[in-house]
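Chains as they are written, first to last, in our numbering: chain A, 415 to 615; chain B, 550 to 723.
The C-beta atom is built at its ideal place from N, Cα and C for all residues, glycine as well.
These numbers were taken from a predicted model, which means no experiment stands behind them.
The next block holds one structure in the form of structure tokens; read it before the comments.
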Amino acid sequence: MKTKYFLLGVGVLLGVALVLTGWQFFQRPYTFRGSLIDPPVPAADFELTDQNGQPFRLSDQKGQIVLLFFGYTHCPDVCPLTLSHFKQIKADLGDRADQVRFVFITVDPERDTADQLQQYLPNFDSEILGLTGSMQSLESVWKNYGVYRAKQEVGSAAGYLMDHTARTYLIDQQGNWRLTYPFEMGKDDILQDVIHLLNRE
Amino acid sequence: MKPEYRPYLIRLLVVFAISLAAMLLVVEGAYLLQREETDRGPKTIQIVVPEGAAQRVAEGEMLEILPENAVFVIGDVLEVVNQDSTDHQLGPIWVPAGSTGRVVLEEANKFSYSCSFTPSRYLGLDVKKPTTLQTRLTGLSISVPTTAAFLFIYSLLVFPINPKPKKSDSEVKA
Numbered sequence: 415m416k417t418k419y420f421l422l423g424v425g426v427l428l429g430v431a432l433v434l435t436g437w438q439f440f441q442r443p444y445t446f447r448g449s450l451i452d453p454p455v456p457a458a459d460f461e462l463t464d465q466n467g468q469p470f471r472l473s474d475q476k477g478q479i480v481l482l483f484f485g486y487t488h489c490p491d492v493c494p495l496t497l498s499h500f501k502q503i504k505a506d507l508g509d510r511a512d513q514v515r516f517v518f519i520t521v522d523p524e525r526d527t528a529d530q531l532q533q534y535l536p537n538f539d540s541e542i543l544g545l546t547g548s549m550q551s552l553e554s555v556w557k558n559y560g561v562y563r564a565k566q567e568v569g570s571a572a573g574y575l576m577d578h579t580a581r582t583y584l585i586d587q588q589g590n591w592r593l594t595y596p597f598e599m600g601k602d603d604i605l606q607d608v609i610h611l612l613n614r615e
Numbered sequence: 550m551k552p553e554y555r556p557y558l559i560r561l562l563v564v565f566a567i568s569l570a571a572m573l574l575v576v577e578g579a580y581l582l583q584r585e586e587t588d589r590g591p592k593t594i595q596i597v598v599p600e601g602a603a604q605r606v607a608e609g610e611m612l613e614i615l616p617e618n619a620v621f622v623i624g625d626v627l628e629v630v631n632q633d634s635t636d637h638q639l640g641p642i643w644v645p646a647g648s649t650g651r652v653v654l655e656e657a658n659k660f661s662y663s664c665s666f667t668p669s670r671y672l673g674l675d676v677k678k679p680t681t682l683q684t685r686l687t688g689l690s691i692s693v694p695t696t697a698a699f700l701f702i703y704s705l706l707v708f709p710i711n712p713k714p715k716k717s718d719s720e721v722k723a
């Protein structure tokens, strides 16, 4: 009889410990995977032209999350991989993908014309926006977003390469710089943060 | 519980207590002997980039913001407070002017990050896995049951439990 009470007591204690541990685990605040900008600061506004010749102004995107990447269409590695991640994130978001804009801004306006972007981006997803513009307007955007770019002559038939910043920026629904992701960060990390921000909204 | 099982249960409990004490001694002893400064819980490490840092670095000045090779532990939050009038970067953290960027270090590794506020433009970060209370408890949870099981079997071989002979009917009657 005593053994029964003892086992019952142990069982109750274990149950309470399990519930408390579970409660603590789920109570933990969300930790962003990306590099958090806190407090968030308003993202520098800009107006460029998309692959369809339509103007794109960042401040018009409020209410949506903007994932922004700087690259170029002749890029052999980083840019195709990042755009593939964009495509997968968009697919994983399903119906909620319409609350996120996926934006690709060129660092190579010499070759990345609207036509070139229009041909290139459907290889990933035709809803990814490719932006280009005059050198003056692009230089202002690159400067405001801390983007480094340098031409590299490699003597290849494919032409020159561009050495450039490979960071992805997340601009939240209020138009603030909120998170940045280094190239090495996996698409699942970006997806988790996007879902968290969408849920919070 | 059947009375004939009781000596086994008592033996098991004694052996378990001995194993717990022995393993506690081993685990804590090893921890104390090999303890490092990174054997701690995660914390926030703040780096303040002062105003004019970009210009001073461009002029070749060495800013004493962070040791050249810093050691962190998993779970540490690396926070960069940018008081400069231009944006700065430390590896995965990009901080616009006048803001703060932070990242949770989640992977143990030696990183060499590009850094905009050191003259070398690079900064080495060593992220280690700390030995915390949780690590030691995990060690105990693995070592104690296995040691207890081994000792229990060993003790049964060395000191067998002899069941008390049942009294025969004739003895009872007598």
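Contact with chain A by residue i, beta-carbon distance below 8 Å
{"i": "residue 623/B", "result": "no"}
{"i": "residue 723/B", "result": "A caution first: residue 723/B carries a pLDDT of 47, below 50, which makes its placement in the model too unreliable to give a value."}
{"i": "residue 604/B", "result": "no"}
{"i": "residue 670/B", "result": "no"}
{"i": "residue 638/B", "result": "yes"}
{"i": "residue 694/B", "result": "no"}
{"i": "residue 568/B", "result": "no"}
{"i": "residue 590/B", "result": "no"}
{"i": "residue 584/B", "result": "no"}
{"i": "residue 642/B", "result": "yes"}
{"i": "residue 650/B", "result": "yes"}
{"i": "residue 653/B", "result": "yes"}
{"i": "residue 645/B", "result": "yes"}
When the options are compared against residue i, the one with the closest alpha-carbon
{"i": "residue 541/A", "options": "589/A, 601/A, 615/A and 497/A", "result": "497/A"}
{"i": "residue 584/B", "options": "682/B, 653/B and 675/B", "result": "682/B"}
{"i": "residue 591/A", "options": "649/B, 701/B and 680/B", "result": "649/B"}
{"i": "residue 458/A", "options": "450/A, 443/A and 480/A", "result": "480/A"}
{"i": "residue 669/B", "options": "691/B, 639/B and 686/B", "result": "639/B"}
{"i": "residue 701/B", "options": "559/B, 564/B, 556/B and 551/B", "result": "564/B"}
{"i": "residue 646/B", "options": "522/A, 506/A and 454/A", "result": "454/A"}
{"i": "residue 562/B", "options": "685/B, 711/B, 654/B and 696/B", "result": "696/B"}
{"i": "residue 491/A", "options": "426/A, 506/A, 456/A and 598/A", "result": "598/A"}
{"i": "residue 604/B", "options": "566/B, 665/B and 558/B", "result": "665/B"}
{"i": "residue 693/B", "options": "559/B, 569/B and 671/B", "result": "569/B"}
{"i": "residue 485/A", "options": "461/A, 562/A, 615/A and 432/A", "result": "562/A"}
{"i": "residue 686/B", "options": "675/B, 574/B and 660/B", "result": "574/B"}
{"i": "residue 654/B", "options": "558/B, 628/B and 597/B", "result": "628/B"}
{"i": "residue 587/B", "options": "675/B, 643/B and 663/B", "result": "675/B"}
Residue-level contact to chain B via CB, residue i, 8 Å cutoff
{"i": "residue 455/A", "result": "yes"}
{"i": "residue 581/A", "result": "yes"}
{"i": "residue 546/A", "result": "no"}
{"i": "residue 496/A", "result": "no"}
{"i": "residue 450/A", "result": "yes"}
{"i": "residue 425/A", "result": "no"}
{"i": "residue 443/A", "result": "no"}
{"i": "residue 556/A", "result": "no"}
{"i": "residue 523/A", "result": "no"}
{"i": "residue 589/A", "result": "no"}
{"i": "residue 560/A", "result": "yes"}
{"i": "residue 527/A", "result": "no"}
{"i": "residue 596/A", "result": "yes"}
Residue(s) in a DSSP beta bridge with residue i
{"i": "residue 578/A", "result": "563/A"}
{"i": "residue 520/A", "result": "485/A"}
{"i": "residue 430/A", "result": "Residue 430/A is not bridged to any residue."}
{"i": "residue 515/A", "result": "480/A"}
{"i": "residue 546/A", "result": "463/A"}
{"i": "residue 584/A", "result": "481/A and 593/A"}
{"i": "residue 622/B", "result": "677/B"}
{"i": "residue 563/B", "result": "None, per the DSSP bridge assignment."}
Element boundaries [alpha helix (DSSP H), containing residue i]
{"i": "residue 530/A", "result": "528–534"}
{"i": "residue 659/B", "result": "Careful: residue 659/B lies outside any alpha helix (DSSP H), inside the beta strand (DSSP E) at 658–663."}
{"i": "residue 503/A", "result": "492–507"}
{"i": "residue 596/B", "result": "Element bounds for residue 596/B: not the alpha helix (DSSP H) but the beta strand (DSSP E), 593–598."}
{"i": "residue 613/A", "result": "601–614"}
{"i": "residue 584/B", "result": "Where residue 584/B is concerned, there is no enclosing alpha helix (DSSP H), given that its DSSP letter is neither H nor E."}
{"i": "residue 683/B", "result": "682–707"}
Buried versus exposed call for residue i [16 or more other C-beta atoms within 10 Å across all chains shown]
{"i": "residue 631/B", "result": "buried"}
{"i": "residue 355/A", "result": "With chain A represented from 415 up to 615, any question about residue 355/A goes unanswered, as that position is not in the structure."}
{"i": "residue 641/B", "result": "buried"}
{"i": "residue 465/A", "result": "buried"}
{"i": "residue 633/B", "result": "buried"}
{"i": "residue 504/A", "result": "buried"}
{"i": "residue 555/A", "result": "buried"}
{"i": "residue 607/A", "result": "buried"}
{"i": "residue 444/A", "result": "exposed"}
{"i": "residue 581/A", "result": "buried"}
Residue i: first and last residue of the uninterrupted beta strand (DSSP E) it sits in
{"i": "residue 675/B", "result": "671–677"}
{"i": "residue 558/A", "result": "Run containing residue 558/A: none in the beta strand (DSSP E); it sits in the alpha helix (DSSP H), 549–558."}
{"i": "residue 446/A", "result": "Looking at the DSSP string, residue 446/A is not in any beta strand (DSSP E), and its letter there is neither H nor E."}
{"i": "residue 629/B", "result": "626–631"}
Residue i CB to nearest heavy atom of the ligand FMN below 7 Å
{"i": "residue 516/A", "result": "With respect to the ligand FMN, the structure shown offers nothing to examine, as it has no ligands at all."}
Residue-chain proximity (residue i, chain E), Cβ-Cβ < 8 Å
{"i": "residue 620/B", "result": "No chain E appears in the structure shown, which is made up of the protein chains A and B."}
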